[in-house]
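See below for the structure under consideration.
Residue numbers (the numbering used here): 3 to 95.
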């Protein structure tokens, strides 16, 4: 069953990507598939909203460590992001 996107969910994906979060981290935090997040971010890159970032050249240990730090940091901020996505807050965190 397809769950429709909320009005602020796609902008939240773009804002999180601007902050440097990976596609897999954003997908896991928002409970969406990586393909959906990738398609939204790819469209934003095509429209010139955000710049493309390539994480493939980073060493593996550095990439794994940064993903773990990103996940713990995003978990701390997730209640405020959820409140903004659901519309109870006016401004994103």
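For glycine and all other residues, C-beta sits at the position ideal for the given N, C-alpha and C.
With 16 other Cβ atoms within 10 Å as the buried cut-off, status of residue i
| i | result |
| --- | --- |
| residue 14 | buried |
| residue 27 | buried |
| residue 24 | buried |
| residue 83 | buried |
| residue 70 | exposed |
Residue from the options with nearest C-alpha to residue i
| i | options | result |
| --- | --- | --- |
| residue 81 | 32, 41 and 19 | 32 |
| residue 34 | 6, 65 and 50 | 6 |
Residue i - containing alpha helix (DSSP H), residue span
| i | result |
| --- | --- |
| residue 42 | 36–49 |
| residue 59 | No alpha helix (DSSP H) contains residue 59, which DSSP labels as neither H nor E. |
| residue 20 | 11–20 |
| residue 30 | 25–32 |
Test item: CB-CB of residue i and residue j under 7 Å
| i | j | result |
| --- | --- | --- |
| residue 85 | residue 92 | no |
| residue 12 | residue 44 | no |
| residue 52 | residue 19 | yes |
| residue 94 | residue 79 | no |
| residue 96 | residue 39 | It is not possible to answer for residue 96, since the shown part of the chain is limited to 3 through 95. |
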